[in-house]
Every structure is written in structure tokens, then in C-alpha cells.
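Peer 1: Protein chains in written order, with the UniProt record's numbering: chain A, 1 to 207; chain B, 1 to 207; chain C, 1 to 207.
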């Protein structure tokens, strides 16, 4: 599907830009910015492909990912102070990114005959691990562990995909419905600042 | 050997619980807790399998690891405030975990025709790397680099295994004797707070 | 080429020593020092080989890397307080290390029929990632993201190699010229404290 490939590239652009912004806030030099943009954008798919032994891995098999990352860093370098005004656009691209990464990762897992649970995890790794790597390399506790129902949105979308797939829905329907699930959960959770429960107390703790 | 598989699962449970406890102390949400429990429990075996090209890797090839991790997180979620009372049991499980992980990792390395030194390192990676990943992802200096004769216990047990293996001891003997070595060193070192020497001074430093 | 192998081992020794020094400054025990020396020295080549599916990976296929790392840690353990006097020698070895690692990594990438850009990235990963791992495991922001034209030197040397290769220069010439490029850039940039530009301001920021 041509459209999905375009969305994949848009998502890669958004992820690379988010990495470049974090790295430049940390006063990394141009090279450090490139590396952080790179791992943020393709780190998830790279880990997935190494774990399921899918060679050549994502960015080695298709150079468009690299070119997109170079473009995103160039874009950040030129327009950094303007990107704040684009935050809604970037949020949109980013949300597109996690949707597409989740679903393409899941699909690849199924194509490799993995158990659906494992394929689901591969989808989530694809969407989430780039951001984790970005945070580890910039010496922060990964954002995803603390805030936002980011990963939960991917999880819900992935499960939607698997359920519809059981009922042999056509691929276009699978993608559209699952993407809507991810986007809606993400937007709603960010808008209303929802959070997952934490293991602070347990059933037996007195309030 | 059936028993070893049961011990492997017990060890996985202990490692996952230790990861879940660290993550919930850091106020991670449920999803973050799951990820940390996951990498703590299967991170070592996962790295080993990627390095020696053993596909499908551990948790992809056997779903029982995933189910055990889910159970451990559920258990931590319910009983967190009670686990303090179980610290001796958890320490026992954890010690079982490092023993079994070390010896199974080493055995897998030998089965892949690796040099004994490399197989030994694979055993240690299996036992130790999950905890390292847990600490890196929660932004701490890995505990293992600073305290406890944790890794040394694995090393001594692994060497015992290799030496007995040279003399063609039966597998049951290999496992039992090597496990005893690991457990005894671990328990003794924790009880007496032993530490490895550090490179603070050298031969020529005047005291 | 025999000479290149000798330089590869010298570079491994220098990288392992640099790792051992950082780890002992952090008061790691002997085991922690060994691990940090290990990842610093072979981490880059290990990641490269995993990404391009080159098994057995570097230190598994050739035990001399391990022996060199053991020797470097032993050397650091004995002579730590003296190494300060050897800083110029160590800087030389280290610079040899990044040159040889870059060029051998690039060459391996080409031998695996990778696109030249990807092969270039493989060369840089070989040279740079060990130090990144060292810094992540000791909970520091990777040095390379903030200072020194370290990676840029590798990049320039790698590009030199690729350009000369296009003109079918003999391997000895390729290596010598590219190495000179890397060494000169590194030495000059350290001496004059050059830095890459940062993304602080953009084209539209008023000064």
C-alpha cells in the first residue's frame, strides 16, 4: 500500500525531528544531533528486526529512512525556533508515526509467523523503543515509563488489529480502524492528562 | 531435565518481580513496570541469543517466559507491601535464577560449539545483563558494577561446570555441584558483605 | 594485511584501557572494570556485526580480542597511577584505534555488499559505539555527543576511503591516506579545541 509507505516516512520524519530537538536542547553538536535523530527514528524497527532475525534490517534495506532523517535534522537546524509554532503539526505527525510503526511492526511479526502476542510486542517495540533509546542516550529516565498513555494507545490499536484480523477484515479496514483507535486514545489522553495506575499501594494498604 | 525448566521459570519469576519492584519504586506506570520486569527477566538470555545467532530467541521461542512475567507483575501489583516480608524467599528465588541462568546459558553456548571461555561469558551475560538493563533503563549505575560478589559467584559456578565437564561428569552432577558453588558464594558474600578489590591504588602507590 | 591486524589489536588495547580507567574512577569493582573495558573495546564491532548479520561476531570469532582486553585490565590494575605519564602514548593508541576501527568496519560493510553510505555508518559505529556504551553504562551523557571532533574525524577518513576506492586505489594507499586524514583532524581538533556547530539558534534568531 503506497499510502502506508508515505505515512511511514512522515512518521520517521516526526520521530527524527523529536530526537533532533531533544539533542539540541542538550547542546549536543551536529553529529550528536544526527545520532539521536537516527536512533529515535529507526531504533524501534532496528531492534525489532534484530530480534526476529529480519535481515537486511529496516534502514539498511531501504535508504529512504536515512534520507528522511538527514532531511529532518536539516529542517530542525534551519527552523528550530519556528518548530514551536508547528507543535500541533508535529504532534499529528508523531501520532501518525506511532500508529504506522505499531501496525507495520505487528504485520511484519505476523508475516514472520510469530505468535500474535509476540507480534503485538514487536509492533510496540517498533513504536516505542526509538524514544526509549533517545532518552537513555540523553541520560534521562525514558519518558514513556512515567507519563502519557503512549504505549497503551499502541497496545489498544494493536489488539484491535489482531481482533479484526481474526475476522478476516481486509487490510485497509484493519489499518484505518486500528489507526483511529490509536489516534483517539492518544489525543484524548493528552488532552485530559490521563495516566495509567501506578503500583504505589496495594489491595491491603490502608488509605 | 524437567526440574531445570521449573527452576528456570522460578528464576524468571524472581527476576521479573525484582524489576517490577524497582520500577514501581520509581513511580513508573503499569506499562513501564511491565517493560522493566520484562527486560530484567529475559534481557540476559535475549542478548545471548542475539549474539550467538540463536533464533528464535528465548522469549519468542517459548511463551512461558512471557506468561511468567505477566504473573510476576500481577503478583507485585497485588502484594507489593507484603513482598518485604518475603524478602528471604525472593532472595532464594533470585539466587536460583542466577544459578540456572548461568548454567543454561553456558550449556547453550557449548551446544553452539563456542570456545569454553566464550560459553562462560554467555552464561554470565544470561545471568547478569537483565539486571544491567533494568538499572540503565531506570537511570542508575548498574548495581553489579559496584556491589556484591554477584557476577563472581556466576563466574565461579561456570568455571566449576566447565572443569567437571572436562572430566565428563554426568549432567545432573554438573548442575548440582555448580549450583551449590554459586549459591554458597552468593549467600556467604551477602552475609559477610564481601567485596571485590577495586583499582584505587596500584603497586607503586605509597600508603 | 598483517600490519592492520596489529594496529587493530593496539586499538583494542587502548580502548579497553580507556574503559578500565573510567570504570575504576567510578570505583567499580574488578568485575565491573572488566565489563566496561570489554564493551568499550569490542562494543562497536559487536553492534556492527549484529546489525549486518555477520556471525560469528567479532570477539566470538577471534579470541585475541578477549585476551587483549584481559591484558589491558591487568595493565591498568598494575600501573594506574603511572598511566597519567603515558597519556600521549594512550592518545596515540586511541587515535590508531578509531582509525583502524573505522576503516575495517567500512571495509567489512563493503564486503557485505552494503550501500557505501551504510558501510560508512558501519565504520563509524565500529569506532564510536564502544565509547557510547561505556558512557551509558557509567551513567554519563556520551562524551561524543558533546565534545571533540571525534566522530567527524572518522567520517572524513571514511569518506576519503570511499572516494579513493572509487578510483580503484590499492588497499595500502586507501588505508594510509584515510588514516592520515583521521589522525590529522583528531590531533588538530584536540590541540585547537575545535567544535562542531550546535543548533542553538537558527537563521531567524536575532542576535
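Ideal placement from N, C-alpha and C gives every residue a C-beta, glycine not left out.
1. Only counting the same chain, and skipping five residues up and downstream in sequence, which positions put a Cβ closer than 7 Å to that of residue 177 of chain C?
2. Along the stretch 168-186 of chain B, what residues have a CB closer than 8 Å to any CB found in chain A?
3. Go through its chain and collect everything with a Cβ distance to residue 34 of chain B's Cβ below 6 Å, but skip five positions before and after it.
4. Output yes if chain C places a C-beta closer than 9 Å to the C-beta of residue 72 of chain B; else output no.
5. What separation, rounded to the nearest whole angstrom, lies between the Cα atoms of residue 131 of chain A and residue 182 of chain A?
6. Which full runs of the beta strand (DSSP E) of 3+ residues lie inside the stretch 82-155 of chain B, going along the chain?
7. Please look up how many angstroms separate the CB atoms of residue 57 of chain B and residue 112 of chain B, rounded, as I've assumed it's under 8 Å.
8. Less than 9 Å between CB atoms is the rule here; does residue 16 of chain C satisfy it with respect to chain A?
9. Is it true that the CB of residue 32 of chain B sits closer than 9 Å to the CB of residue 125 of chain B?
10. Residue 104 of chain C and residue 179 of chain C look like a contact to me (Cβ under 8 Å); what is the Cβ gap, rounded to whole Å?
11. Can you give me, in chain order, the residues of the stretch 103-116 of chain A that have a beta carbon less than 7 Å from any beta carbon in chain B?
12. Tell me which residues of the UniProt domain "Glycine transporter" (6-80) of chain B have at least one Cβ-Cβ distance to chain C shorter than 9 Å, keeping chain order.
13. Report the CB separation of residue 42 of chain C from residue 59 of chain C in whole angstroms; it is logged as a contact under 8 Å.
14. With 16 as the cutoff for other CB atoms within 10 Å, does residue 166 of chain B come out buried or exposed?
15. If we cut at 9 Å on Cβ distances, does residue 151 of chain B have a partner in chain C?
16. On the three-state DSSP scale, how would you describe residue 62 of chain A?
17. From residue 116 of chain B to residue 149 of chain B, what distance separates their C-alpha atoms?
18. On the criterion of 16 or more Cβ atoms from any shown chain inside 10 Å, does residue 188 of chain B qualify as buried, or is it exposed?
19. Check residue 53 of chain A in the structure and name its three-state DSSP category.
20. Is residue 168 of chain B helix, strand or coil by DSSP?
21. Who are the near neighbours of residue 9 of chain C in its chain, counting only those whose CB is closer than 6 Å to its CB and skipping five residues on each side?
22. When you check each C-beta in the stretch 121-134 of chain B against every C-beta of chain A, which residues fall closer than 8 Å?
23. DSSP three-state label for residue 175 of chain B, please.
24. Here's the rule I'm using: 16 or more other beta-carbon atoms within 10 Å means buried, otherwise exposed. How should residue 192 of chain B be labelled?
25. Is the Cβ of residue 163 of chain C closer than 9 Å to any Cβ of chain B?
26. What three-state label does DSSP hand residue 192 of chain C in the structure shown?
27. When you compare only the Cα positions, how much space is there between residue 63 of chain C and residue 157 of chain A?
28. Give me the Cα-Cα distance between residue 88 of chain C and residue 23 of chain C, rounded to the nearest whole angstrom.
29. Could you compute how far the alpha carbon of residue 48 of chain C sits from the alpha carbon of residue 121 of chain C?
30. Does the Cβ of residue 82 of chain C have 16 or more other Cβ atoms within 10 Å, making it buried, or fewer, making it exposed?
31. Nearest to residue 91 of chain A by CA position, among A:119, A:169 and A:12, is which residue?
32. Smallest Cα separation from residue 37 of chain C: which of C:19, C:26, C:29 and C:54?
33. Tell me which residues share the same chain as residue 134 of chain A and place their Cβ nearer than 7 Å to its Cβ, disregarding the 5 neighbours each side in the sequence.
34. Compare the C-beta of residue 89 of chain C against all C-beta atoms of chain B and say whether one is closer than 9 Å.
Peer 2: Looking at the atomic coordinates:
1. Cβ neighbours of residue 177 of chain C beyond the five flanking positions: 160 and 164.
2. Here the close residues number zero.
3. Excluding sequence neighbours, residue 34 of chain B sits near 73.
4. Chain C has no Cβ within less than 9 Å of the Cβ of residue 72 of chain B.
5. Distance between the alpha carbons of residue 131 of chain A and residue 182 of chain A is about 17 Å.
6. Entirely contained in the stretch 82-155 of chain B, not one beta strand (DSSP E) run reaches 3 residues.
7. The pair is not a contact, with the Cβ atoms about 13 Å apart (cut-off 8 Å).
8. Output row for residue 16 of chain C: interface = no.
9. Taking 9 Å as the Cβ cut-off, residue 125 of chain B and residue 32 of chain B do not qualify as a contacting pair.
10. That pair is no contact at about 11 Å.
11. Listed by position, the residues of the stretch 103-116 of chain A near chain B (Cβ gap below 7 Å) are 114 and 115.
12. Residues 50, 51, 52 and 53.
13. Contact annotation, residue 42 of chain C with residue 59 of chain C: C-beta distance approximately 5 Å; criterion of less than 8 Å satisfied.
14. Its Cβ having fewer than 16 others within 10 Å, residue 166 of chain B is exposed.
15. Residue contact with chain C for residue 151 of chain B: present (Cβ-Cβ distance below 9 Å to some residue of chain C).
16. Three-state result, residue 62 of chain A: coil.
17. Each residue's Cα considered, the two are about 22 Å apart.
18. It is exposed - the Cβ of residue 188 of chain B has fewer than 16 other Cβ atoms within 10 Å.
19. DSSP places residue 53 of chain A in coil when its eight states are reduced to three.
20. DSSP places residue 168 of chain B outside both helix and strand once states are collapsed to three, so it counts as coil.
21. These residues qualify, in order along the chain: 68.
22. Of all residues in the stretch 121-134 of chain B, none has a C-beta nearer than 8 Å to a C-beta of chain A.
23. Three-state result, residue 175 of chain B: helix.
24. Result: exposed.
25. Not closer than 9 Å to any Cβ of chain B, the Cβ of residue 163 of chain C fails to qualify, so no.
26. Residue 192 of chain C falls in the coil class under three-state DSSP.
27. Rounded to whole angstroms, residue 63 of chain C and residue 157 of chain A show a C-alpha spacing of 47 Å.
28. A direct Cα-Cα distance of roughly 20 Å separates residue 88 of chain C from residue 23 of chain C.
29. Computed Cα separation, rounded: 9 Å.
30. That one is exposed.
31. Considering only alpha carbons, the answer is A:12.
32. Out of C:19, C:26, C:29 and C:54, C:19 has the C-alpha closest to the C-alpha of residue 37 of chain C.
33. Cβ within range, chain order: 19, 22, 36, 39 and 40.
34. No - not a single Cβ of chain B is within 9 Å of the one on residue 89 of chain C.
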